[in-house]
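*Asks:* Protein chains in written order, with my numbering: chain A, -17 to 287; chain B, 42 to 399; chain C, 175 to 440.
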Amino acid sequence: MQVGIGTENDLLLKQKKKNLKRKRIDTWLLLLPTLAIFIFFFLLPLFFLFITSFKTFDPSSGIGNEWTLQNYIKFMSDPFYLGVVWRTVKIALITTLITIFISYPVAFQISKSRGRARNYFTLLVLSPLLISMVIRCYGWVILLSNNGVVNNTLLSLGWIDEPLTLLYTELSVVIGMVHVLFPYMVLSIMGSLEKIDPSVIRASQNLGASSFRTFFSIMLPLTLPGVFAGSVMVFSLSVSSFVTPAILGGPQVKVMSYLTYEQVAVMLNWPYGGAIGFLLILIASITIIAYSKILARSEKGVAIQ
Amino acid sequence: MSYLSLENVVKTFNKTEVVKKLSLEIHKGELVSFLGPSGCGKTTTLNMIAGFLEVDGGKIEVDGKPVHLLPPNKREMGMVFQNYALFPHMTVYENVAYGLKLRKVAKSEIKIRVQEALEMVRLSGYEKRYPKELSGGQQQRVSLARALVIKPKVLLLDEPLSNLDAKLRQEMREEIVDIQKKVGITTIFVTHDQEEALAISDRIAVMYEGRIEQVDTPAAIYNYPKTDFVSQFIGEVNHIQGKVLEAYSDKRCKMHFFGNEQIVAIQSVKDSEVHFFIRPEKVQISLGKSNESKEAFLSKVERKMFLGAKTRYILRANDQHLVADISNTVLNPNQIQEGNNVYTFWNPEDLLPSRMVR
Amino acid sequence: MKKKLPKLLFNSVCLLVYTFLLAPIVVVLLSSLTTTEYIVFPPKGLTLRWYTELVDHPEFMQSFTLSILVAFGTAFIATAIGTLASLAVVRREFRGKTAIVQLVGSPLLIPSVVFGVALLQFYSWIGLAASPLALVLGHIILTVPFVMRLVVASLVGFDRSIEQAAMNLGAGSWKVFFQITLPIIKSGVIAGAIFAFITSFDDLTVALFIVSTDVVTLPVRIYTYMQYQYDPIITSVSSIMILFTVALMLVIERVLGVGKVFSSKN
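1. Write down the C-beta distance between ASN342 of chain C and MET120 of chain B rounded to the nearest angstrom, noting that I regard them as a contact closer than 8 Å.
2. Would you kindly report the start and end of the unbroken beta strand (DSSP E) that includes LYS345 of chain B?
3. If you pair each beta-carbon of the segment 391 to 409 of chain C with each one of the segment 316 to 334 of chain C, do three or more pairs fall below 8 Å?
4. List, in order along the chain, the chain B residues whose C-beta lies closer than 7 Å to that of GLY346 of chain C?
5. Using a beta-carbon distance below 8 Å, is ASN342 of chain C in contact with chain B?
6. If you count every other CB in all the chains shown that lies within 10 Å of the CB of SER181 of chain A, and 16 or more means buried, which is it?
7. Is DSSP giving MET248 of chain B helix, strand or coil here?
8. Would you mind stating whether SER267 of chain A and LEU283 of chain C have Cβ atoms separated by less than 8 Å?
9. Please confirm whether GLN179 of chain B and SER165 of chain B have their CB atoms less than 8 Å apart.
10. Can you name the start and end residues of the alpha helix (DSSP H) that ALA308 of chain C belongs to?
11. Check the Cβ-Cβ distances between ARG450 of chain B and every residue of chain C, and say whether any is below 8 Å.
12. What in chain B is Cβ-close to ASP377 of chain C, meaning under 9 Å?
13. Closer than 8 Å, CB to CB, is ILE142 of chain A near chain C or not?
14. Our contact map puts GLU237 of chain B next to LEU202 of chain B with C-beta atoms below 8 Å; I'd like the distance itself, whole angstroms only.
15. Output needed for THR34 of chain A: all residues of its chain with C-beta closer than 8 Å, excluding positions within five of it in sequence on either side, in chain order.
16. For ASN88 of chain B, count neighbouring C-beta atoms within 10 Å of its own C-beta (all shown protein chains included) and say buried if the count is 16 or more, exposed if not.
17. Please go through the same chain and pick out, in chain order, the residues whose beta-carbon is closer than 8 Å to the beta-carbon of PRO78 of chain B, but skip the five residues on each side of it.
18. Could you tell me the distance, in whole angstroms, from the CA atom of LEU127 of chain B to the CA atom of PRO172 of chain B?
19. Is there a Cβ of chain B sitting closer than 8 Å to that of LEU(-6) of chain A, yes or no?
20. Counting only beta-carbon atoms, is GLU287 of chain B nearer than 8 Å to chain A?
21. Please check the pair ILE241 of chain B and LEU94 of chain B, which I expect to be a contact at CB under 8 Å, by giving their CB distance rounded to whole angstroms.
22. For THR53 of chain B and ARG170 of chain B, I'd like the C-alpha separation in whole angstroms.
23. Where do the ends of the alpha helix (DSSP H) carrying ARG223 of chain C lie?
24. Of all the beta strand (DSSP E) runs that stay within the bounds of the segment 137 to 180 of chain A, which reach a length of 3 or more residues?
25. Between the alpha carbons of ILE265 of chain A and LEU309 of chain C, how many angstroms are there, rounded?
26. Using a Cβ-Cβ cut-off of less than 7 Å, give me the residues of the segment 241 to 266 of chain C that come near chain A, in sequence order.
27. Using a C-beta cutoff of 8 Å, does ARG399 of chain B count as contacting chain A?
28. Examine chain C for any beta-carbon lying closer than 8 Å to the beta-carbon of THR242 of chain A, and answer yes or no.
29. For ASP(-8) of chain A, which residues in the same chain have their Cβ closer than 7 Å to its Cβ, ignoring the five residues on either side in sequence?
30. Less than 8 Å separating the beta-carbons of ALA246 of chain B and LEU76 of chain B?
31. Going by DSSP, which residues form a beta bridge with ARG353 of chain B?
32. Can you tell me where the alpha helix (DSSP H) with GLN91 of chain A in it begins and where it stops?
33. Quick check: is the beta carbon of VAL191 of chain C nearer than 8 Å to any beta carbon in chain A?
34. Using a Cβ-Cβ distance under 8 Å, would LYS176 of chain C count as near chain A?
35. By the three-class DSSP mapping on this structure, what secondary structure does GLY130 of chain A have?
36. Would you report the Cα separation of GLN187 of chain B and VAL350 of chain C, rounded to the nearest angstrom?
In structure tokens form, the structure reads like this:
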């Protein structure tokens, strides 16, 4: 009898162990393909590039054998490169500000509309995301070039005597960026607009506040988290974006991503290109970290309200 | 000869035993309820029977064969879930047919059996609907048909009525019992609703803190609760405390409570404190002293509440409170006013001695 | 009266923004119809000449085919492995989960230029030449984060008892996955696949580093072409791409409904 119970319990234990082991194995099997590709084709390449950024430049092979901090020091101490950093950040900041201003009314309008109209507005706002960035930027080239639509119109109206230089300027890069990143901001603001309880607005109106006042004292503060989230997204995407500055700015408006590309693809200076790349990652990450700190604080604020 | 048997079943979550060496025998065709408050282990036990949770000790047998090591898809048990768990992307027909398709039943036979099952739950004509187009009660019926159509060895119902409104709940529970008796299937019904359990079960297993406190017929559970928990969980009770005046040799004592003396069938020693329970509907009152109430004591009506078929009187005697529920056909509530003194009495056998050690 | 003016102002601002949004796309579409040898807007005359002239530029067709191939491959693989990984992340407890979630989400934070450079260096070290496979591997990294976001979102609200019901009726784990789980999270998975397809099809930055003379995706082809030429050929190619995307969206709309695709995004 004792023996019988013993073997039965053993059987149970064995089965349990087997099940646990099988579950653990298939968890890792589920993760394996993704993990393997990410380790081999993402982590390792970035790691090697990081190492490369501490190597000297060798004109024949690109990467020298000596270890050095010179790449980083060179970048940080040269006014020209610091100017590029400033331009990158400046363009991103201006882009973010403009995006906030033009996204807010659109987000407001969409969140107020219902049913079919809402679907169409949403699609309209999101459609730029679906169309190739290269083509969209090319559209701006056609619009902004010296004999482009904008200049031709202004000339024929007699407002200007000779074409303005619009293309390959910081202005054209900002216009292109705003166009590309606008949908992210709209989505983000819409998200927070939809979270507002409509009764709060009605309450405010009942208390006699004008719609103007309702907007500034109720809606705006309540949507600030959405504006923040969208701003960080737009800022970090525009700091790291390459296609827009490459097409609408080119070598005339160098930003960090273009500089990275140029160092590697044109100068074949891999270590220096790598160093610029990692500084770019640093700037983008600082934004994100600062953002999550601010968000944590502002969410607390909302909770207290 | 039991059909479904649990033997010393144990379940541990994070080192706490939530089911403690639970044993139970269920006969073929029987409807047994697992009744208990939330966290008592009733759903955990059901999930172990269904195979969604592994047992950590003991065994489960169906028809003499151990099943606790089988995966859930090999156990041939039909389960009805609290939230119905219908497949949202399949029609009613496809939902009910799913289990038969898995068993590779011929298409023509599937059709017949699905029709029969839907007829049984009175949902013929709903075949092409999707679950979201059905009401909660209809969804639960589909769920029942889906579980029964595969002719499972055991039917498991996990709080199947708790998402329905009160009226529908009563209708559905009668329907479930009808179907269960017609099919003759061994059934476990998990619920936290005592009224539900009392109304439909052949036997009730009252569970508390991972243990079965008592398994018995509804009447026995109600009238002869074996533990304090059972007596308090099922129905309402008055707590009564009394002092033993004299202990007799024939397992009887002369007790003192409410300033009154009474002989009770209980074994105790002189001068000890004894606790009793009595259900409110077993307490009787009358305006005058009669033959029935010769051991009656006087108490004061503090409050009177009209509850439809009965009236609840809150009584006070010798600084102790007592609740009495009296049928309005037995005693016209207009005869008694708050502040009146009434004679209070009960049959000595309705007094349930407490096992609780205080 | 008092209320109408701000409303008018508000609506005209919105109209202006929508014009701004659509302007470059409309400009590209319309200027592809010009009869002139150079790009001009509004087009002078109407002709389909620049579309027929594409026959003389088979390299665009080749690039288009390659881009489609790469985008399909990427969408398929990224969706498959991303869905599996999402299952593990949502439903299993394992050590290092947060680290893995962060790793898989990080391509959204790393500038693609840097990733492109790193990948180019790595490929040249391991000797992987420019090929559809090389492109697909790079694009998988870019797209898995999207796929996982969408699939995780559809798995989080999933009622597990539906799967238990299927198991209870006799379905083994494979059948439960393919007959129950997958159909229910379908819209999230498809949305993920669409985003993966579009991201891969649109990618210039990473592809720019990986392409060689005979393996050139369409965005790279257009980008390099427009650096040297300014003729309307480019507008006709671009218009075809735009129309292709619109057609794709219409098909998806028919099958799934726009609302569904975008609502799972939020």
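Every residue, glycine too, gets a C-beta built ideally from N, C-alpha and C.
*Replies:* According to the structure data:
1. 4 Å
2. 338 to 347
3. no
4. ASN114
5. yes
6. exposed
7. strand
8. yes
9. no
10. 306 to 330
11. Beyond the ends of chain B as shown, which are 42 and 399, falls residue 450 of chain B; an answer cannot be given.
12. The contacting residues do not exist; ASP377 of chain C stays about 34 Å from chain B at best.
13. no
14. 7 Å
15. ILE45, TRP252, PRO253, GLY256
16. buried
17. HIS233, TYR249, PHE274
18. 7 Å
19. yes
20. no
21. The pair is not a contact, with the Cβ atoms about 25 Å apart (cut-off 8 Å).
22. 42 Å
23. 223 to 226
24. none
25. 27 Å
26. ILE255, GLY256, LEU258, ALA259, LEU261, ALA262, ARG266
27. Residue placement at ARG399 of chain B cannot be trusted, given a pLDDT of 35 that sits under 50; what the coordinates show is reported in the next sentence. No, ARG399 of chain B lies away from the interface with chain A (no Cβ there is under 8 Å from its Cβ).
28. yes
29. none
30. yes
31. B:MET346, B:ASP366
32. 61 to 94
33. yes
34. Legend: pLDDT at LYS176 of chain C = 48, less than 50; position of this residue unreliable, value from coordinates given subsequently. Closer than 8 Å: no.
35. coil
36. Residue 187 of chain B is actually Arg in this sequence, not Gln. If I take the Cα positions, the gap works out to 16 Å.
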